[in-house]
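S.K.: Would you mind keeping the following structure in view while I ask a few things?
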Amino acid sequence: MNNQPIISCQNVGKIYEDGTLHVEVLQNLTFDVNAGESVSIIGASGSGKSTLLHILGGLDKPTSGSVQLMGRHLGSLNQTQLGHLRNQYLGFVYQFHHLLAEFSALENVMMPLLIGKMSRNEAEAQAAAMLERVGLKQRMLHRPTELSGGERQRAAIARALVKRPTCILADEPTGNLDRKNALNILDMMLELKNELQTALVVVTHDDELATRFERVLTMTEHGLQPY
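Per full-length UniProt numbering, the sequence shown runs over residues 1 to 227.
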């Protein structure tokens with residue numbers, strides 16, 4: 001069996017420049033994400049957590065260093081190739097659900113499968129099964145405006161997991177929820193991670209939630225440090 005990391009981050013740095021403004025957000029970050037593990041990354045607001053997550057997912061480019069996803073250097077791929085790789089291996093969950101308002105929960109969850117050229121009937125069956133798995137069997141035909149905050153986030157998680165990706169990247173996935181819903185969503189994500197054997201990387205400012213993960217890393221000015 002190939003034991004290479006799912007994601008390998010080598011000496012990654014990120015600098016934002018705007019005229020005379022020069023802001024170093026990330027500096028020399030090196031770490032791996034391995035198959036099936038759960039990793040939380042904590043740090044103060046503005047420490048670069050979300051930027052790092054976007055770089056890991058190929059949504060942003062590092063100023064220096066490199067990122068590999070399943071052994072492929074993201075910096076060597078064009079946008080079409082990156083999109084294909086993301087669709088094949090990654091799922092994304094954000095603080096705000098980013099569901100499309102004009103579509104039902106079922107249609108939203110079907111979209112990654114349809115983008116991957118799955119037949120509509122098969123995509124509908126798989127999306128319905130995943131929505132049932134996250135507790136939305138009775139709500140799958142509702143549009144996002146007809147769902148509660150916790151239900152919308154469950155639908156977003158179903159969308160991220162429906163292709164059974166190798167890794168989920170989640171940016172403050174419970175940050176817009178009350179404490180009870182946040183804990184329920186986190187428990188569900190960790191349970192599904194184990195069930196589907198997918199890796200889970202979450203960035204959060206919530207130390208208590210972060211410690212539920214197998215590995216906890218802290219963003220500091222010196223890079224990523226064990227919590």
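Virtual Cβ for every residue (Gly too), placed ideally from N, Cα, C.
Predicted model, so just to flag it, every value in this text is computed and none were measured.
Could you tell me whether the segment 88–96 touches the segment 37–47, where touching means 3 or more Cβ pairs closer than 8 Å?
M.R.: Short answer: they don't touch.
S.K.: Do the CB positions of V201 and V33 come within less than 8 Å of each other?
M.R.: Yes, they are a contact pair.
S.K.: At the level of alpha carbons, what is the spacing between D60 and L217?
M.R.: Distance between the alpha carbons of D60 and L217: 21 Å.
S.K.: Need the endpoints of the beta strand (DSSP E) that N34 sits in, please.
M.R.: That residue, N34, is in no beta strand (DSSP E); it is neither H nor E in DSSP.
S.K.: Just verifying my parser: in three-state terms, what is the DSSP assignment at M1?
M.R.: With a pLDDT of 42 at M1, under the threshold of 50, the modelled position of this residue cannot be trusted, and the question is left open.
S.K.: I think V162 touches L53, with their Cβ atoms under 8 Å apart; what is that distance to the nearest whole Å?
M.R.: The pair is not a contact, with the Cβ atoms about 20 Å apart (cut-off 8 Å).
S.K.: Using 8 Å as the cut-off, can you tell me whether the segment 148–157 makes contact with the segment 168–179, which would need three or more C-beta pairs spanning the two stretches below that distance?
M.R.: As far as the Cβ criterion goes, the segment 148–157 touches the segment 168–179, which means the pair count is three or higher.
S.K.: For N108, count the other beta carbons within 10 Å of its own beta carbon; 16 or more makes it buried, fewer makes it exposed. Which is it?
M.R.: Buried, since its Cβ has 16 or more Cβ neighbours within 10 Å.
S.K.: Alpha carbon to alpha carbon, how far is A35 from M1? Give it in angstroms, no decimals.
M.R.: Since pLDDT at M1 reaches only 42, below the 50 mark, its modelled position is unreliable, and no value is offered.
S.K.: Indicate whether the contact test is met: 3 or more Cβ pairs, each with one atom in the segment 136–151 and one in the segment 62–74, closer than 8 Å.
M.R.: Short answer: they don't touch.
S.K.: Can you find the residues in the same chain that come closer than 8 Å, C-beta to C-beta, to L82, ignoring five residues on each side of it along the sequence?
M.R.: Excluding positions up to five away in sequence, the list reads G58 and L74.
S.K.: Express the C-alpha separation of D18 and N194 in angstroms, rounding to a whole number.
M.R.: Approximately 43 Å between the Cα atoms of the pair.
S.K.: So what does DSSP say about E17, is it helix, strand or coil?
M.R.: Residue state, collapsed to three classes: strand.
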